[in-house]
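Below is one structure, written out as structure tokens; comments come after it.
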Amino acid sequence: MSTHPFAASQLAIKCFALICAVALLHCWISASSTAEPMQPNWNDENPIPSLTVSRLSPDRQNQLVSVLTQNLNDLGAEPRNMAIVDMPPAQHEATAETVRLQLQQKFLSKHLLYLASEGGGHLYVFPLDDVLQNPRRIHTVLITVRPRRIAYPYNGRDIDFHNFDISFDVENRNIFMQRLLGADGANGGPVTHDLYNLFHNNILHF
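Take the sequence shown: its letters are residues -35 to -1, 1 to 171, numbered as in mature numbering (1 follows the signal peptide of the UniProt record, and there is no 0).
Below you can see the structure in the form of structure tokens.
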């Protein structure tokens, strides 16, 4: 029995479509069973926003330096040769970007020394990485971490970068950094936080 050419053509098309569908289904099943699940990466997906430069008055600077000095003494750091430098406006943006990148690298590090709370945010001293210049010299900047003003699909923060840096000498930088890690606010003493837990609202009252 002969088959009409049109019917044969339609049958061939249907068979080809069926073969393609089966092949696609096989590929989908294989990919679903073997592909690694995507792991969220904070630094790629939720980067620290650009820091906002915010100036503090000389009186407020002096108050915060006094609080910092007390906290450092309570940590047993015994800071020496402390220097306070008001950055020229021309350096603000470039320095803020340098600080942002270091905060990004230290996102999980418990190195933010808490000083005070004001205006809905929390002021911290952040030690910079510049050990090659002088291993005993600690250079720090002051930042404010506050709730993000714009609604995002994750709990985030905005960061203000203030217009001066504070440097001082310590006996041993490694010991100083270990003391920062161990500062838990016990008995009203100094306390340090990390950006990861601050950004995710994991710290009570912060």
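We put the beta carbon where it would ideally sit given N, CA and C, even for glycine.
Contacts around residue i, its chain only, beta-carbon distance under 8 Å, and the 5 residues preceding and following it disregarded
{"i": "VAL(-14)", "result": "With a pLDDT of only 49 at VAL(-14), under the threshold of 50, the placement of this residue in the model should not be trusted; the figure read from the coordinates follows. Within the same chain, VAL(-14) has no close Cβ partners at all."}
{"i": "GLY84", "result": "THR109, ARG111"}
{"i": "ASN137", "result": "ARG101"}
{"i": "SER15", "result": "ALA61, GLU62, ARG65"}
Strand pairing of residue i, partner residues [DSSP]
{"i": "ARG102", "result": "ASP134"}
{"i": "PRO112", "result": "ARG122"}
{"i": "ASP95", "result": "According to DSSP, ASP95 bridges with nothing at all."}
{"i": "ASP159", "result": "None, per the DSSP bridge assignment."}
{"i": "SER15", "result": "Per DSSP, none; premise fails for SER15."}
{"i": "LEU66", "result": "None; LEU66 has no bridge partner."}
{"i": "LEU107", "result": "VAL90"}
{"i": "ALA81", "result": "LEU88"}
{"i": "ALA59", "result": "ALA59 pairs with nothing; no bridge assigned."}
C-beta atoms of residue i and residue j nearer than 9 Å
{"i": "LEU29", "j": "ALA81", "result": "yes"}
{"i": "SER132", "j": "ILE103", "result": "yes"}
{"i": "LEU93", "j": "THR109", "result": "no"}
{"i": "LEU160", "j": "ARG122", "result": "yes"}
{"i": "HIS158", "j": "LYS75", "result": "yes"}
{"i": "LEU145", "j": "LEU40", "result": "yes"}
{"i": "ARG101", "j": "VAL64", "result": "no"}
{"i": "GLN56", "j": "PRO12", "result": "no"}
{"i": "LEU88", "j": "VAL156", "result": "no"}
{"i": "GLN35", "j": "ILE49", "result": "no"}
{"i": "ALA59", "j": "PHE141", "result": "no"}
Proximal residues to residue i (C-beta, below 6 Å), its chain only, five neighbours per side dropped
{"i": "THR17", "result": "ASP125"}
{"i": "PRO44", "result": "LEU37, PHE133"}
{"i": "CYS(-9)", "result": "Any reading at CYS(-9) must be qualified, since the residue scores a pLDDT of 49, below 50, and its modelled position is unreliable; the value itself is stated next. Counting only Cβ-Cβ distances below 6 Å, and skipping sequence neighbours, we find nothing."}
{"i": "MET47", "result": "PHE133"}
Helix, strand or coil at residue i [DSSP, three-state]
{"i": "LEU21", "result": "coil"}
{"i": "SER31", "result": "helix"}
{"i": "MET142", "result": "helix"}
{"i": "GLU43", "result": "coil"}
{"i": "TRP(-8)", "result": "Any reading at TRP(-8) is ruled out, since the residue's pLDDT is 47, under 50, leaving its predicted position unreliable."}
{"i": "GLY147", "result": "helix"}
{"i": "ASN36", "result": "helix"}
{"i": "HIS170", "result": "coil"}
{"i": "HIS165", "result": "coil"}
{"i": "LEU88", "result": "strand"}
{"i": "HIS127", "result": "strand"}
Beta-carbon contacts of residue i that lie in its chain and below 7 Å, excluding the five residues immediately before and after
{"i": "ASP51", "result": "ASN128, PHE129"}
{"i": "LEU33", "result": "LEU80, VAL90, ILE131"}
{"i": "LEU163", "result": "VAL110, ARG122, PHE171"}
{"i": "ASP95", "result": "HIS104"}
{"i": "ASP149", "result": "VAL156"}
Contact with chain D by residue i, beta-carbon distance below 9 Å
{"i": "PRO112", "result": "Given the protein chain composition of this structure (a single chain), no chain D is represented."}
Any non-hydrogen atom of the ligand FMN within 8 Å of residue i CB
{"i": "ASN128", "result": "With respect to the ligand FMN, the structure offers nothing, as it holds no ligand at all."}
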